[in-house]
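Novice: Could you have a look at this structure, given as structure tokens, before my questions?
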Amino acid sequence: MSLSRFLLKRSLHGLFVVWGVVTVVFGLRVVAPGDPANVLLPPNVDPAVRRQVVEELGLNEPLYVQYAEFVAGIPVGDLGLSLTTRTPVAARVVARLPATLELAVAATVVAVVIAIPLGVVSATRRHEPADYGATVFSLLGISTPNFWLGVMLIILFAVQLDLFPTSRRPVGFDTVLAQVVALQFAPAWESFTTWLWHITLPAVTLGTYFTALITRLTRSGMLDELGKTYVRASRAKGLPETLVRYKHVLRNTLIPVVTVVGLQLGTLIGGAVITEFIFAWPGLGSLIINSFNARDWPVLQGSLIVVGVGFVVTNILVDAFYAYLNPQVAYD
1 MSLSRFLLKR
11 SLHGLFVVWG
21 VVTVVFGLRV
31 VAPGDPANVL
41 LPPNVDPAVR
51 RQVVEELGLN
61 EPLYVQYAEF
71 VAGIPVGDLG
81 LSLTTRTPVA
91 ARVVARLPAT
101 LELAVAATVV
111 AVVIAIPLGV
121 VSATRRHEPA
131 DYGATVFSLL
141 GISTPNFWLG
151 VMLIILFAVQ
161 LDLFPTSRRP
171 VGFDTVLAQV
181 VALQFAPAWE
191 SFTTWLWHIT
201 LPAVTLGTYF
211 TALITRLTRS
221 GMLDELGKTY
231 VRASRAKGLP
241 ETLVRYKHVL
251 RNTLIPVVTV
261 VGLQLGTLIG
271 GAVITEFIFA
281 WPGLGSLIIN
291 SFNARDWPVL
301 QGSLIVVGVG
311 FVVTNILVDA
321 FYAYLNPQVA
331 YD
């Protein structure tokens, strides 16, 4: 199988998964208790007015008609109107998406910058204090709930030490890029420091589990590579140990790590819900929770669909990059 056919196959699988996500999201609204019309109408509304609202929302149509209209609108970006604000759902979701992407990417950067060096040190100093420390850190990172960690970070670094803010996103990274493009370097630096100051605690909270996971993966991959024949042959040729470890062993170890990083990036986009809620980060996570509390089903559906599509697209891109790094995958 060629690389193009491999990517085409993955894309078709992705479309099938997206269709499944759309179907499940539509089904959640159908089986959920309560009537969406209750969000717009008071309890003692006149029955005629209620029937008119139900007809305007299309809730009087058969389920298959509602489903067909719902699916037909997605390719053209029509996700319906919010029940509470009567504004297009697509516009609200798109406005929140950059904040979620920023948080997910920042958490990934935190994880990669910390985890890969820590995993390398743990593998190269096996059964030493550094290895034991990295192991304890990984166990704590994997077992610590991010909602608890977020609250503890707020109490320590925001309330007690007053080093970081507790919430908000006063400036986005897109603003920083726009100022750099406009050659406004002083405002760009100020915007960047403000953005970094506000995103640090949410990124650490969201990326801690990911950091622990990548640390363990890097350690196990390094240990596996260090035991292979080519490593012994390189040492027998007299190559410096640093060259063997970091040019050959680490390079081969990073191939599966890249795959996990890409897959976890999609997971972080969907898993930022609690973190965004704790830090009042204006992303899709807080929008999902607020929409659920308000029973605003169109906004909730649109947000979940965007998260699902983002996860699928990320997986396809990771598959493409992995097939590029290891062409044998495209022929399996």
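Going by the UniProt record's numbering, the sequence shown opens with residue 1, and the numbers climb by one from there.
For every residue, glycine included, the Cβ atom is placed at its ideal position computed from N, Cα and C.
Since Pro88 sits in a beta bridge, which residues does DSSP pair it with?
Specialist: The residue given as residue 88 occupies position 88 in the sequence shown. Beta-bridge pairing links Pro88 to Leu81.
Novice: Please state whether the Cβ-Cβ distance between residue 333 and Ala134 is less than 8 Å.
Specialist: Residue 333 is absent from the model: the chain starts at 1 and stops at 332.
Novice: Under three-state DSSP, which class holds Lys237?
Specialist: Numbered from 1 along the sequence shown, position 237 holds the residue referred to as residue 237. In this structure, Lys237 counts as coil in the three-state DSSP scheme.
Novice: Taking the continuous alpha helix (DSSP H) assigned at Gln179, which residues delimit it?
Specialist: As a working mapping, residue 179 is identified with position 179 in the sequence shown. Its alpha helix (DSSP H) spans residues 173-181.
Novice: On a CA-only basis, which of Gln160, Thr194, Gly221, Ile142 is nearest Gly207? Give me that one, please.
Specialist: As a first step, residue 207 is located in the sequence shown; it is residue number 207 there, counting from the start. It is Ile142.
Novice: Of the residues Ile114, Val309, Trp197, which one's Cα is nearest the Cα of Gly172?
Specialist: To locate residue 172, count along the sequence shown from 1; it is residue 172. The shortest Cα separation from Gly172 among Ile114, Val309, Trp197 belongs to Trp197.
Novice: What residue range does the alpha helix (DSSP H) around Pro187 cover?
Specialist: On the sequence shown, position 187 is the one that residue 187 refers to. Per DSSP, Pro187 belongs to the alpha helix (DSSP H) from 185-226.
Novice: Of all the options Asn252, Val307, Ile316, Ala48, which has the alpha carbon lying nearest to the alpha carbon of Ala90?
Specialist: Residue numbering aside, residue 90 sits at position 90 when the sequence shown is read from its first letter. If we check each option's Cα against that of Ala90, Val307 comes out closest.
Novice: So, helix, strand or coil for Thr259, using DSSP?
Specialist: Looking up residue 259 in the sequence shown gives position 259. Reduced to three states, the DSSP call for Thr259 is helix.
Novice: Looking at the unbroken alpha helix (DSSP H) that takes in Trp281, where does it start and where does it end?
Specialist: Here residue 281 is taken as the residue at index 281 of the sequence shown, counted from 1. That residue, Trp281, is in no alpha helix (DSSP H); it is neither H nor E in DSSP.
Novice: CB of Phe173 to nearest heavy atom of the ligand MG: below 7 Å?
Specialist: In the structure shown, the ligand MG is absent, as is every other ligand, since no ligand is present at all.
Novice: Return the residue from the list Leu317, Ala233, Leu7, Ala106 that minimises the CA-CA distance to Val258.
Specialist: As a first step, residue 258 must be located in the sequence shown, where it is residue number 258. When only C-alpha atoms are compared, the closest one is Leu317.
Novice: Does the Cβ of Gly80 have 16 or more other Cβ atoms within 10 Å, making it buried, or fewer, making it exposed?
Specialist: As a working note, residue 80 is residue 80 in the sequence shown. So Gly80 counts as buried.
Novice: Return the CA-CA distance between Ala32 and Thr23, expressed in angstroms with no decimal places.
Specialist: Mapped onto the sequence shown, residue 32 falls at position 32. Mapped onto the sequence shown, residue 23 falls at position 23. Distance between the alpha carbons of Ala32 and Thr23: 14 Å.
Novice: Return the chain-ordered list of same chain residues with a C-beta closer than 6 Å to the C-beta of Ile199, the five sequence neighbours on each side being excluded.
Specialist: For the purposes of this step, residue 199 is taken as the residue at position 199 of the sequence shown. So the list reads Ala106, once near-sequence residues are dropped.
Novice: Using CA atoms only, rank isn't needed, just tell me which of Val94, Arg86, Ile255, Thr267 is closest to Thr108.
Specialist: Start at 1 with the first residue of the sequence shown, and residue 108 comes out as number 108. Here the closest residue by C-alpha is Thr267.
Novice: Is it the case that the region 137-154 contacts the region 207-217, given that we only count it when at least three CB pairs across the two stretches are under 8 Å?
Specialist: Verdict: yes, contact present.
Novice: In three-state DSSP terms, what is Gly150?
Specialist: By 1-based counting over the sequence shown, the position of residue 150 is 150. Looking at Gly150 - three-state DSSP - the assignment turns out to be helix.
Novice: Is it true that the CB of Ile269 sits closer than 8 Å to the CB of Phe311?
Specialist: Locating residue 311 in the sequence shown gives position 311, where the first residue counts as 1. Locating residue 269 in the sequence shown gives position 269, where the first residue counts as 1. Closer than 8 Å, so yes.
Novice: Pick from Val260, Leu83, Val76: whose alpha carbon is nearest that of Gly58?
Specialist: Stepping through the sequence shown from its first residue, residue 58 is reached at position 58. Answer by Cα proximity: Leu83.
Novice: Mark Met222 as exposed unless 16 or more other C-beta atoms lie within 10 angstroms of its C-beta, in which case mark it buried.
Specialist: As a position in the sequence shown, residue 222 is number 222, starting the count at 1. Classification for Met222: buried.
Novice: Could you compute how far the alpha carbon of residue 334 sits from the alpha carbon of Glu241?
Specialist: Coverage of the chain is limited to positions 1 through 332, which leaves residue 334 absent and any answer about it impossible.
Novice: Roughly how many whole angstroms lie between the Cα atoms of Thr100 and Lys237?
Specialist: What you label residue 100 is simply residue 100 of the sequence shown in a count that begins at 1. What you label residue 237 is simply residue 237 of the sequence shown in a count that begins at 1. If you take the alpha carbons of Thr100 and Lys237, they lie about 49 Å apart.
Novice: Helix, strand or coil for Ser303 per DSSP?
Specialist: The residue given as residue 303 occupies position 303 in the sequence shown. It is helical.
Novice: Rounded to a whole number of angstroms, what is the C-alpha to C-alpha distance between Tyr230 and Ala111?
Specialist: Residue 230 sits at position 230 when you count from the first residue of the sequence shown. Residue 111 sits at position 111 when you count from the first residue of the sequence shown. Going from the Cα of Tyr230 to the Cα of Ala111 covers about 29 Å.
Novice: Taking only beta-carbon positions, decide if Pro240 is within less than 8 Å of chain D.
Specialist: Absent here is chain D; the protein component of the structure consists of one chain.
Novice: Quick one: is Tyr209 buried, meaning 16 or more other Cβ sit within 10 Å of its Cβ, or exposed?
Specialist: Counting from 1 along the sequence shown, the entry for residue 209 is found at position 209. Flag for Tyr209 reads buried.
Novice: Whole angstroms is fine: what's the gap from Ala72's alpha carbon to Val309's?
Specialist: Residue numbering aside, residue 72 sits at position 72 when the sequence shown is read from its first letter. Residue numbering aside, residue 309 sits at position 309 when the sequence shown is read from its first letter. Going from the Cα of Ala72 to the Cα of Val309 covers about 16 Å.
Novice: Run through DSSP, which three-state label would Ser167 get?
Specialist: Sequence index remark: in the sequence shown, residue 167 carries index 167 (1-based). DSSP places Ser167 in coil when its eight states are reduced to three.
Novice: Can you tell me the Cα-Cα spacing of Ala188 and Thr175, whole angstroms?
Specialist: The sequence position of residue 188 within the sequence shown is 188, counting from 1. The sequence position of residue 175 within the sequence shown is 175, counting from 1. Going from the Cα of Ala188 to the Cα of Thr175 covers about 8 Å.
Novice: Using the rule of at least 16 other Cβ atoms within 10 Å of the residue's Cβ for burial, across every protein chain shown, is Val204 buried or exposed?
Specialist: One-based indexing of the sequence shown puts residue 204 at position 204. That one is buried.
Novice: At which residue ranges does the region 98-161 contain complete alpha helix (DSSP H) runs of 4 or more residues, listed in the order of the chain?
Specialist: Qualifying alpha helix (DSSP H) stretches, in chain order: 129-143, 146-153.
Novice: I need the straight-line Cα distance from Tyr322 to Val94, nearest angstrom please.
Specialist: Residue 322 sits at position 322 when you count from the first residue of the sequence shown. Residue 94 sits at position 94 when you count from the first residue of the sequence shown. About 29 Å.
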